[in-house]
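Quick notes on the structure that follows.
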Amino acid sequence: MRTGEIRLDKFYALLDCGTPVNPELALGQIYGASMRAIGHSLTEKLFYDENGSPITRDLQTYGAPKIGDIPRDFRAFLVPSDDRVGPFGAKSISEIGVNGAAPAIATAIHDACGVWLREWHFTPEKILRGLNKLEA
Numbered sequence: 015m016r017t018g019e020i021r022l023d024k025f026y027a028l029l030d031c032g033t034p035v036n037p038e039l040a041l042g043q044i045y046g047a048s049m050r051a052i053g054h055s056l057t058e059k060l061f062y063d064e065n066g067s068p069i070t071r072d073l074q075t076y077g078a079p080k081i082g083d084i085p086r087d088f089r090a091f092l093v094p095s096d097d098r099v100g101p102f103g104a105k106s107i108s109e110i111g112v113n114g115a116a117p118a119i120a121t122a123i124h125d126a127c128g129v130w131l132r133e134w135h136f137t138p139e140k141i142l143r144g145l146n147k148l149e150a
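My numbering puts the first residue of the sequence shown at 15, with every later residue one more than the last.
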């Protein structure tokens with residue numbers, strides 16, 4: 015039986031950090047940013063009324079990721095490089111950690127079932143619609 019369920023079991027984040035001034039802090043930033051992006055892609059939802067005003071008012075209905083949403087195999091890696099622009103050769107790390115998750119998850123979905131999802135959120139309903147189009 016097809017459900018369209020998305021289960022993220024493995025997620026590796028590799029980021030060019032320049033010269034890591036505080037590697038432990040940088041890794042923490044990558045983990046946090048990656049979970050933020052996983053939430054954007056898979057669980058977070060904003061609902062609006064007919065006038066366009068948000069009716070999502072709390073984190074419970076918003077769908078922020080919870081501890082059970084963390085991938086089983088979740089790793090972050092710093093990829094040092096020589097950056098002559100940043101202070102002490104460092105680069106910003108927290109914002110860039112958000113950028114790669116959605117395309118990586120979309121590619122994994124495509125590899126698994128042949129459906130391309132090109133806009134947030136990635137939902138079982140969208141996958142099932144895509145599968146139905148592939149079969150048509």
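Backbone N, C-alpha and C fix where the C-beta goes; we use that ideal spot for every residue, glycine too.
Just so we're clear, the structure is a prediction, and the values are computed from it rather than from any experiment.
Cβ-Cβ separation, LEU56 to LEU28 (assumed contact under 8 Å), whole Å: Numbered from 1 along the sequence shown, position 14 holds the residue referred to as residue 28. Numbered from 1 along the sequence shown, position 42 holds the residue referred to as residue 56. In fact, because the Cβ distance is near 20 Å, the residues do not count as touching under 8 Å.
Bridge-paired residues (DSSP) for ASP125: For this step, residue 125 is matched to residue 111 along the sequence shown. Paired residues: none, contrary to the question.
GLY18 beta carbon less than 8 Å from that of PRO138: Position 124 of the sequence shown, counted from the start, is the residue given in the question as residue 138. Position 4 of the sequence shown, counted from the start, is the residue given in the question as residue 18. Contact flag set, yes.
Check whether ALA104 and GLY32 have beta carbons under 8 Å apart: As a first step, residue 104 must be located in the sequence shown, where it is residue number 90. As a first step, residue 32 must be located in the sequence shown, where it is residue number 18. Yes.
Exposure label - LEU39; buried when at least 16 CB within 10 Å: Residue mapping note: residue 39 aligns to position 25 of the sequence shown, counting from 1. Label assigned to LEU39: exposed.
Where the alpha helix (DSSP H) through ARG89 begins and ends: Here the question's residue 89 lines up with position 75 in the sequence shown. First-last for ARG89: 87-94, but that is the beta strand (DSSP E), not the alpha helix (DSSP H).
DSSP bridge partner residues for TYR62 (one or two, in chain order): In the sequence shown, counting from the first residue as 1, residue 62 sits at position 48. In the DSSP secondary-structure assignment, TYR62 is bridged to PRO68.
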